[in-house]
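Asker:
There are 2 protein chains.
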Amino acid sequence: MPEAPDPTLPKPRSYDDLCARIRERRERLPARLAQVANHMLMHPDEVAFGTVATVAGAAGVQPSALVRFAKALDFDGFSDLQAVFRDRLRGRLPEHRERLRRIQEAEGEHGPLRLLERFEEAAQLSLDRLGGSVDEATLAHAVALLARADTIYILGLRRAFPIAAYLAYALAKLDLRSVLVDHVGASGPEQIVGARAGDVLLAVSFTPYTPATVELANAFAQGGRPVVAITDSPFSPLAQAAAARFDVAEADVAGFRSLSATFCLAAALAVATAERRARDGSDRPAEAWAPVQGPAARA
Amino acid sequence: MPEAPDPTLPKPRSYDDLCARIRERRERLPARLAQVANHMLMHPDEVAFGTVATVAGAAGVQPSALVRFAKALDFDGFSDLQAVFRDRLRGRLPEHRERLRRIQEAEGEHGPLRLLERFEEAAQLSLDRLGGSVDEATLAHAVALLARADTIYILGLRRAFPIAAYLAYALAKLDLRSVLVDHVGASGPEQIVGARAGDVLLAVSFTPYTPATVELANAFAQGGRPVVAITDSPFSPLAQAAAARFDVAEADVAGFRSLSATFCLAAALAVATAERRARDGSDRPAEAWAPVQGPAARA
DNA sequence: ATCCGGATGAAACATCCATTCCATTTGGGA
DNA sequence: TCCCAAATGGAATGGATGTTTCATCCGGAT
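Protein chains in written order, with UniProt numbering: chain A, 1 to 299; chain B, 1 to 299.
Structure, rendered in structure tokens:
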């Protein structure tokens, strides 16, 4: 048997580790296995999506050669190696798959401390995903909108309310004028009625979307006023009205979504807006901020 | 057979097409299929790499529902639909690498994306620290107190208010009776005056401690009623009144503390309390649940 | 020339997969 | 209240998958 050089050795977990190990062993590799190495490094996408049969066919080798190759690199088998290629493609750290699996396995387990751990893991997962999912252009656009608003209206009900409350607190700390639309006494419509043309609504809502949030956001947008939405999918009912939209995918435990990633985004938006406004305020005194939306840009 | 609306119609070939078609048919989709749509849009990576079984499990539906969903969207089957998710991931790598590189290069910079990154790091740090700092005995004690309370009073003002709001939401979802002491109109004292002997106050406060929070917590404890405190040091003014205390050390960016760790703790407390009460409730059928009014419901 | 251990190809295998089918439930109209 | 159609859950099924096994091939040492 072509046994693994050292089965106890940790197998490569990231694509970069994998490349390093291949380089390191390439000399010692049998001819056919070196051929496999070449092909894989040259067509990583194909490896990520293909099956043993298709990859072997494309590389011009037998399926078993792939398995041997994987084992020569201290993997358990082809699938194990393939996981590295897949993780590379989804732009995540490789340990997440493992982490998620453990969370799901321990699903039945109880104990408050274990529960806490699971929430921690869910939060970590959400945070990692956030990094890859936020687009710089969207972020810049949202910050520009918020920075030139005279007043920022903040809307988030039910599960999203903690986020809204946090935003209100943070914006106030940053000397940015805001109105927390808390919808007390169903007075949401009255709370946003004072918004002017340059004002912005920062709306937060997740599945199941609170109808009031959607209605208020639509009403706000009706007047041509921009809405920045923090939600969870392109099909959120907030998407239509939103001039800028963030989709935050939060992991959940026992039906409770983490809010960690959303909070990070909220905090970043708040601080970035303050910085942007400070910069613009000093660069150009008033007026210059117009051209994003319609008439009557505010300073 | 629930046949496809129009099998001759070209199926979506790009991810954007797919999104459009889902949006277009969302209204007409049966409940379970809409659930599938939501899950897929929110976890596109998992769909790309997962199998029918894993995706169905994660979405909480039967495998057959996935196939039905795919066919409702004019695909041949799940695999056909999955191909769209895979194509979406193909060739995305450069973009991601580029982004990472830019973020790392811009170490000193202040762009919004870099800001987000820093908040993420702060949250990660806080989460890591939380794991080591929570004592199992304290946790168990707190959960025991909360579980046998008739009503849980929740108190957190200013920066801690989002946590309090979240707790109120979570406890309600879990069918645990709670009162959010929001101190509207400075009515905090009136809001807690109804608390009975077995009730518990869950108080949250961080430096600089809001005086009202401290006063209300002390007043609550005066009546011999237990206080569970989430705060940030043994010298917190909440420490004295607390029957159980958690010290959460959150990292901060630009003067803004992360709240991620605190949220995890809050969520864990809520769910653990619900589980504990369910267990006690089933162990001792009637009585343990009944004494909603009476003093000192015991478990 | 012969032997031998690693390397290789090809088929066999058990497992897992996507899909289909059918019994049951659900919900709205007569 | 009943009825019918749509929707749903769950098991059955045929096919494809990753892995293992084994016979053969090759190259170097004796």
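Using N, Cα and C, we set each Cβ at its ideal position, and we do this for glycine too. Treat the numbers as computed from the prediction; the structure is a model and nothing was measured.
1) Would you call the segment 114-130 of chain B and the segment 242-258 of chain B in contact, with 3 or more CB pairs under 8 Å?
2) Could you give the DSSP three-state label for residue 251(B): helix, strand or coil?
3) Which residues of chain A have a Cβ atom closer than 7 Å to the Cβ of residue 45(B), listed in chain order?
4) Relative to chain A, which residues along the segment 187-199 of chain B have a C-beta separation below 7 Å, given in chain order?
5) Could you give the uninterrupted runs of the alpha helix (DSSP H) lying entirely in the UniProt domain "HTH rpiR-type" (16-92) of chain B, keeping only those of 4 residues or more?
6) On the three-state DSSP scale, how would you describe residue 205(B)?
7) Does any CB atom of chain A fall closer than 9 Å to the CB of residue 169(B)?
8) Under a three-way DSSP split, which group does residue 181(A) fall into?
9) Taking only beta-carbon atoms, is residue 148(B) less than 9 Å away from chain A?
10) Please classify residue 24(B): is it buried, with 16 or more other beta-carbons within 10 angstroms of its beta-carbon, or exposed?
11) Measuring only between beta-carbons, confirm whether residue 27(B) sits less than 9 Å from chain A.
12) Should residue 234(A) be flagged as near chain B, meaning a C-beta pair shorter than 9 Å?
13) Assuming residue 213(B) and residue 203(B) make a contact with CB atoms under 8 Å, what is their CB distance in whole Å?
14) Just confirm the distance between the C-beta atoms of residue 89(A) and residue 48(A), as a whole number of angstroms; I'd bet it's less than 8 Å.
15) By a C-beta neighbour count over all protein chains shown, 10 Å radius and 16 as the cutoff for buried, is residue 68(A) buried or exposed?
16) For residue 154(B), which residues in chain A fall below 7 Å Cβ to Cβ?
17) For the alpha helix (DSSP H) that contains residue 143(B), what are its first and last residues?
18) Looking at the unbroken beta strand (DSSP E) that takes in residue 231(B), where does it start and where does it end?
19) For a cutoff of 9 Å on Cβ pairs, would you count residue 22(A) as touching chain B?
20) So for residue 245(B), helix, strand or coil by DSSP?
21) In terms of DSSP beta bridges, what is residue 158(B) paired with?
22) Note down, in chain order, each residue of its chain lying with its Cβ closer than 6 Å to the Cβ of residue 5(B), except the 5 sequence neighbours on either side.
23) With a Cβ-Cβ cutoff of 9 Å, do residue 145(A) and residue 228(A) count as a contact?
24) Starting from residue 126(B) and walking both ways along the alpha helix (DSSP H), at which residues does that stretch end?
25) Is residue 288(B) close to chain A, meaning its C-beta is less than 9 Å from at least one C-beta of that chain?
26) Could you list the residues in the segment 58-86 of chain A with a C-beta less than 8 Å from some C-beta on chain B, going in chain order?
27) Just to make sure I have the definition right: I need the residues of chain B whose C-beta is within less than 7 Å of the C-beta of residue 32(A). Which are they?
28) Grouping DSSP H, G and I as helix and E and B as strand, with all else coil, what is residue 277(A)?
29) Who are the neighbours of residue 336(A) on chain B, taking C-beta pairs under 9 Å?
30) When the Cα of residue 42(A) is compared with those of 231(A), 55(A), 175(A) and 271(A), which residue comes out closest?
31) So with CB distances below 7 Å, who are the chain B contacts of residue 112(A)?
32) Go ahead and label residue 195(A) buried or exposed: buried means 16 or more other beta carbons lie within 10 angstroms of its beta carbon, across all protein chains shown.
33) Just to confirm, are residue 171(B) and residue 152(B) a CB contact at a threshold of 9 Å?
34) Below 8 Å, can you find three or more Cβ-Cβ pairs linking the segment 266-279 of chain A to the segment 166-185 of chain A?
35) Within the continuous alpha helix (DSSP H) that includes residue 222(B), where are the two ends?
36) What would DSSP say about residue 363(B), mapped onto helix, strand or coil?
Answerer: Let me lay it out:
1) yes
2) coil
3) 90
4) none
5) 31-42, 44-49, 52-59, 63-72 and 78-89
6) coil
7) yes
8) strand
9) no
10) exposed
11) no
12) yes
13) 6 Å
14) 5 Å
15) buried
16) By Cβ distance, chain A contributes nothing, its closest Cβ being about 12 Å from residue 154(B), past 7 Å.
17) 136-148
18) 227-231
19) no
20) strand
21) In the DSSP output, where bridge partners are listed per residue, residue 158(B) has none listed.
22) At residue 5(B) the pLDDT is 44, less than 50, meaning the model places this residue with poor confidence; the figure from the coordinates comes in the next sentence. Answer for residue 5(B): no residue qualifies.
23) yes
24) 112-133
25) For residue 288(B), the predicted model reports a pLDDT of 37, less than 50, meaning its position is unreliable; a value from the coordinates is still stated below. Not an interface residue.
26) 86
27) Under the 7 Å cutoff, chain B gives no residues; its nearest Cβ is about 27 Å from residue 32(A).
28) helix
29) As displayed, chain A neither begins before 1 nor continues past 299, which places residue 336(A) out of reach and without an answer.
30) 55(A)
31) 139, 140, 143, 268 and 272
32) buried
33) yes
34) yes
35) 211-222
36) Since the displayed chain B opens at 1 and closes at 299, residue 363(B) lies outside it and no answer follows.
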